[in-house]
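Structure first, then comments.
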Amino acid sequence: MLGKTHFFVGTAAALVVMEPRTLPIMVAGTGAAALGGVISDVDSGTSVAHKDADKIIAVSVFIIGAVIVLEYFFHLGIYNRLERDSNIARILIGLMAFILVCAFGMQQPHRAFMHSFLAMALLTACVGIVFPAVAPYFAIGFASHLLVDVFNKKGEKLLWPYKKGFSFRLCSSHGTVNSLLMAGGMAVSALYFALSSPIHTAVGKVMTMISLK
119 MLGKTHFFVG
129 TAAALVVMEP
139 RTLPIMVAGT
149 GAAALGGVIS
159 DVDSGTSVAH
169 KDADKIIAVS
179 VFIIGAVIVL
189 EYFFHLGIYN
199 RLERDSNIAR
209 ILIGLMAFIL
219 VCAFGMQQPH
229 RAFMHSFLAM
239 ALLTACVGIV
249 FPAVAPYFAI
259 GFASHLLVDV
269 FNKKGEKLLW
279 PYKKGFSFRL
289 CSSHGTVNSL
299 LMAGGMAVSA
309 LYFALSSPIH
319 TAVGKVMTMI
329 SLK
């Protein structure tokens, strides 16, 4: 499926399963889920895949940057939670390990290592080192990518380094199913945000601050 589809499906799946109760975890968890949903496609094999990998890297940087900007301007409490659960050494080790795993994956054929349970476990562990609270969100986003892609015509090497690819061969990555999944992911994510108590609480605080001015 397309990157946009994985982005929204991964986000929606993580929000529904994890049901974040606080705004910091909701924002950071959403970012982690979106990253988990798209990071598999940094692998390559053709010139087209290389271009797609560049897009995924750009999207990943954007997601991380967006979370940082939100924390900087709105003081959501993500930094305080990260400071409590981690430290500089863990953050550096986790980030370096994450980059190394992705760098290895980029050199592998498409839907090989980066579309395997091993890659999911390694990258989730890296996220867990950096920010334990959002590791489950990343894992769910990543797992949703593997699940959605298994319906495509091209197999995934889920048990890498075992070479057999797994695929139900039910649909293409650009067809109607892709569009329906993307629309569903967008709708579920939007509905969850609209109904979530952390968002309502944050909006209430903002409105109170405005009324006091």
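Sequential numbering from 119 applies to the sequence shown in the working numbering.
In this text, a Cβ means the ideal position worked out from N, Cα and C, and glycines have one as well.
**OP:** Run the CB neighbour count on residue 139, radius 10 Å, all protein chains shown included, and call it buried at 16 or more, exposed below.
**Re:** Taking all protein chains shown into account, residue 139 has fewer than 16 neighbouring C-beta atoms within 10 Å of its C-beta and is therefore exposed.
Original post:
In this structure, does DSSP put residue 286 in helix, strand or coil?
Top reply: coil
**OP:** Please list, in chain order, all residues of the same chain as residue 182 whose beta carbon is under 8 Å from its beta carbon, the five residues on each side excluded.
**Re:** 149 and 153, listed in sequence order.
Original post:
From 176, 269, 127 and 229, pick the residue whose C-alpha is nearest to that of residue 258; which is it?
Top reply: 127
Subject >> Endpoints, alpha helix (DSSP H) assigned at residue 161 >> reply: It is not in any alpha helix (DSSP H) - residue 161 carries neither H nor E in the DSSP assignment.
Subject >> Straight-line gap, residue 247 to residue 239 (C-alpha atoms, nearest Å) >> reply: 12 Å
Original post:
For the alpha helix (DSSP H) that residue 124 lies in, which residues bound it at each end?
Top reply: DSSP places residue 124 in the uninterrupted alpha helix (DSSP H) bounded by 121-136.
Subject >> Residue of 125, 134, 124 and 122 minimising C-alpha distance to residue 311 >> reply: 134
Original post:
In chain order, what residues of the same chain lie with their CB nearer than 7 Å to the CB of residue 189, ignoring the 5 residues before and after it?
Top reply: 196 and 197
Original post:
Taking 6 Å as the cut-off, is the CB of residue 222 close to at least one heavy atom of the ligand GTP?
Top reply: No copy of the ligand GTP occurs in the structure displayed, which carries no ligand at all.
Original post:
Terminal residues of the continuous alpha helix (DSSP H) containing residue 265?
Top reply: 253-267
Original post:
Hey, quick one: how far does the alpha helix (DSSP H) through residue 200 stretch, first residue to last?
Top reply: From DSSP, the alpha helix (DSSP H) with residue 200 extends over 196-203.
Original post:
Do you know offhand how far residue 316's Cα is from residue 145's?
Top reply: 10 Å
Original post:
Measuring CA to CA, which of 215, 131 and 235 is closest to residue 244?
Top reply: 215
Original post:
Any idea if residue 347 is buried or exposed, counting beta-carbon neighbours within 10 angstroms, 16 or more meaning buried?
Top reply: Because the chain is modelled from 119 through 331, residue 347 falls outside the range shown and cannot be assessed.
Subject >> Straight-line Cα distance separating residue 160 from residue 231 >> reply: When only Cα atoms are considered, residue 231 and residue 160 end up about 11 Å apart.
Original post:
Roughly how many angstroms separate the alpha carbons of residue 200 and residue 179, rounded to a whole number?
Top reply: 19 Å
Original post:
Is it buried or exposed for residue 165, if we count other Cβ within 10 angstroms and need 16 for buried?
Top reply: With a pLDDT of 40 at residue 165, under the threshold of 50, the modelled position of that residue is not reliable, and the figure given next carries that caveat. Per the 10 Å Cβ criterion, exposed.
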